[in-house]
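Chains as they are written, first to last, in the UniProt record's numbering: chain P, 1 to 355; chain A, 1 to 355.
Number of protein chains: 2
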Amino acid sequence: METMTKNVSVEKSKTSKISEVDFNNLSFGSVYTDHMLVCDFVNGAWQTPKVVPYQPITLEPSAKIFHYGQSIFEGMKAYKDENGDAWLFRPLENFKRLNKSAKRLAIPELPEAYFMEGLTTLLQVEKDWIPQNPGSSLYVRPFILASGTGFHASPADEYKFIIACAPSGAYFSGKVKVLIEENYSRAANGGVGYAKAGGNYAGQFYPTQLAIEKGYNQVIWTDDNTHEYIEEAGAMNIFVRINDTLITGPTSDRILDGITRKSILEIAEDQGIATEVRKITVSEVVEAAKNGSLKEMFGAGTAAVVSPIAGFGYQGTDYELPELDNSYATQLKTYITDIQYNRTEDKFGWRYPVE
Amino acid sequence: METMTKNVSVEKSKTSKISEVDFNNLSFGSVYTDHMLVCDFVNGAWQTPKVVPYQPITLEPSAKIFHYGQSIFEGMKAYKDENGDAWLFRPLENFKRLNKSAKRLAIPELPEAYFMEGLTTLLQVEKDWIPQNPGSSLYVRPFILASGTGFHASPADEYKFIIACAPSGAYFSGKVKVLIEENYSRAANGGVGYAKAGGNYAGQFYPTQLAIEKGYNQVIWTDDNTHEYIEEAGAMNIFVRINDTLITGPTSDRILDGITRKSILEIAEDQGIATEVRKITVSEVVEAAKNGSLKEMFGAGTAAVVSPIAGFGYQGTDYELPELDNSYATQLKTYITDIQYNRTEDKFGWRYPVE
């Protein structure tokens, strides 16, 4: 059966896998829904998006995605409220960032209608897959890959924009212990660090494995030149609370302009928390940990939401963070998830109905 | 029909596309041979490599190659001499570098026998595809991609090692005009610049497009911190001749350890050309261009071989390089290709028979 919603056609799957999924024990991003959105760039133009049954992707061995890492992605979540209504959180921000990433990776920019109608059409079809369990949501992964072929290191002439969805639980279980990186780096000045480019992630795997072997969960990346400035955590932006001030680094061409990051900043300011957006040095964080003024650190990102950091390692020393009764992390996470799950007034206009 | 050569099985294609190819008008890397090598990493181990008919690759939408850029590659060429015998050039160097890249990208390292026997078995099967025309060769592209799935930013648990081949002509036609980059960067200190990681290439496309729009062919990358040091050209290492000394930058974690680069250095030293491996500043190159001591610049890489540079742009000014009767570029290119095509004695032991 094929139906058409404005620009998006829908071909329904004949069967559903939903009954096989244990929604009470969801890991992160490892089971996928029955459908996906596919939109091809061929002959110089993005073609009509289609919702189709979730299915493998077939590409030539010479497809540029395999050789030159020409791919970008976004991460979003769909939430279901107590009435069974479904919501997205600031999806236009994801769309804008996707096109920022596209430009930097020499991928043709996508029309807004294709992204937004494709997204909402897919989510209407997959509405039953949006979990209602506390802490769970439907993780939504828009991505673009270079399907055009050739062993010449130059942009592809064909691309695929796809949205796939995975009902998901927490990205991290429990508090996170991080290692402040002194040798490896995530991004160069003038590089692609601000883009959600695939290659930014693969480059983090090995240093992160080394950190995991030492007992940490994640690396806190520092600038590649001096390793003196705290940048981000790869899958999260970083916030530091010194005394009662909440500090995060400024975005740059090395640091991702996180949607959760900027939402947290707005909420904090609205709630009367003093915030500073400025460069953070490793030495001030170490000093603050030593003198007790370092109250909290947490990561912020779509996948990890607000992820409290239990402690950090630096130059062979581990620093513990205190357990707070009324942490900013808890306060901010509660508020942002209350907006996301439609449990509170949406004073910022961030909630977006899936309808 | 399936045969077995030591570790590698061979399934022959029923038909051949070779009669459709015009070997007198080959572009670079855009037509592919009848077979490819495939070797899967599953259940914690690399499986037996297979030569199979050239065919599309089918992957799950959640395959990590699409999301996290976890891929690496190598570039090699197979050459045919006047007797019809086929040769590779220092293939073990490609194997070693593939595994260096694999380690940095958290990809399981490949056994040497699988690489070398896979490569030679494939090339025996494809021997008729190795061009005998002057300046042409069979471009050989080994690559590894993350086929394992998941929307969690962590290394895949499954991979595909593939070798595909493309009979190819010159990478650049004629002399190359380059732009010395002042804003964008290719690699970070402590990053993956020394690896042949897919993501290193996609990040160059947009700045290269901007350079092409200004009338240049390639970007010369500079260090991301000061943009004062000349690094490499993305698809080539860079050599600069000032007076009669041939200079190239030292390899680092930002610069690819090019096999053509180090071969050129050995040949130059053997031929009595004074060489220096040291950091090269943009200002000394500009100064040398102004005072006439800059005699030559050229790129060196497997695809581009030795690619003379006609001139460079920097800060809005174009600098022309002189036309030399007896350039180092010509002398070195002649000698290295004479080794590659078995037209001269192989005093360095670099030629490797396909047998």
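Beta carbons are placed, not taken as given, at the ideal position from N, Cα and C, and that holds for glycine. None of the values given here were measured: they were computed from a predicted structure.
For V219 (chain A), no Cβ of chain P is located within less than 7 Å of the residue's own Cβ. With contacts defined by Cβ atoms closer than 7 Å, T260 (chain A) and A235 (chain A) do not form a contacting pair. Cβ contact annotation for Y335 (chain P) (same chain, cutoff 6 Å, sequence separation greater than five): I267, in chain order.
Looking at the DSSP output, W46 (chain P) bridges to P:F41. Under DSSP, L246 (chain A) takes part in a beta bridge, and its partners are A:R241, A:T275.
Counting other Cβ atoms within 10 Å of its Cβ, N25 (chain A) stays below 16 and is therefore classed as exposed.
Cβ-Cβ distances below 6 Å link V42 (chain P) to E158 in the same chain, with the five nearest sequence neighbours on each side left out; the list follows chain order. L92 (chain P) carries a helical assignment under DSSP once its states are collapsed to helix, strand and coil.
Between P155 (chain P) and Q70 (chain P) the beta-carbon gap is near 7 Å, inside 8 Å, which marks them as a contact. Distance from the CA atom of E126 (chain A) to the CA atom of I280 (chain P), rounded to whole angstroms, is 57 Å. Comparing C-alpha distances from K64 (chain P) to each of A:S62, A:P61, A:F73, A:E60 shows the shortest one belongs to A:F73. DSSP places Y352 (chain A) inside the beta strand (DSSP E), whose first and last residues are 351 to 353.
Considering only beta carbons, the part of the stretch 85 to 115 of chain A lying closer than 8 Å to chain P consists of K103, R104, L105, A106, in chain order.
Close partners of I65 (chain A) in chain P (Cβ separation under 7 Å): I65, F66. The stretch 165 to 184 of chain A makes no contact with the stretch 168 to 185 of chain P: fewer than 3 CB pairs, one atom from each, lie closer than 8 Å.
Residues of chain P with a Cβ closer than 7 Å to the Cβ of Q132 (chain A) do not exist, since the nearest Cβ in that chain sits about 20 Å away. In this structure the stretch 341 to 353 of chain A does not lie against the stretch 101 to 109 of chain A, because fewer than three pairs of beta carbons, one per stretch, are closer than 8 Å. Between E228 (chain A) and V282 (chain A), the C-beta gap is smaller than 7 Å, which places the two residues in contact. Secondary structure at T149 (chain A): strand, using DSSP grouped into helix, strand and coil.
In this structure, DSSP gives L59 (chain A) an extended state, which the three-state scheme calls strand.
Within its own chain, the residues whose Cβ lies closer than 6 Å to the Cβ of A211 (chain P), once the five positions on either side in sequence are excluded, are L179, V219, listed in chain order.
Near chain A, meaning a CB-to-CB distance below 7 Å, the residues of the stretch 18 to 47 of chain P are F28, G29, S30, Y32, M36. When beta bridges are read from the DSSP output, Y229 (chain A) appears opposite A:T281. For a Cβ distance threshold of 7 Å, residue set G203 of chain P lies close to V192 (chain A), ordered along the chain. Residue pairing from DSSP leaves W221 (chain A) without any beta-bridge partner. Within the stretch 141 to 164 of chain P, those residues whose Cβ lies closer than 7 Å to any Cβ of chain A are, in chain order, R141, F143, L145, G150, F151, H152, A153, S154, P155, I162, A164. Residue environment analysis places G118 (chain A) among the buried positions, since at least 16 neighbouring C-beta atoms fall within 10 angstroms of its C-beta.
Looking at the backbone, the Cα of A289 (chain A) and that of N243 (chain A) are separated by about 11 Å.
Three or more beta-carbon pairs separated by less than 8 Å link the stretch 50 to 69 of chain A to the stretch 42 to 59 of chain P, which places the two stretches in contact. Under the Cβ criterion (8 Å, minimum of three pairs), the stretch 22 to 38 of chain P counts as touching the stretch 131 to 151 of chain P. The beta carbon of H35 (chain P) sits closer than 7 Å to those of S13, V51, V52, P53, Y54, L122, V125, E126, all from its chain and outside the five residues before and after it, given in chain order. Interface with chain P (7 Å Cβ-Cβ cutoff): E60 (chain A) is included. K262 (chain A) sits in a helix when the DSSP states are folded into three classes. Restricting attention to beta strand (DSSP E) runs no shorter than 3 residues, the stretch 104 to 150 of chain P encloses them at 137 to 146, ordered along the chain.
With respect to chain P, the C-beta atom of P56 (chain A) has a partner C-beta closer than 7 Å. Residue ranges of uninterrupted beta strand (DSSP E) with 3 or more members, entirely inside the stretch 274 to 349 of chain P and ordered along the chain, are 274 to 277, 294 to 301, 305 to 314, 317 to 320.
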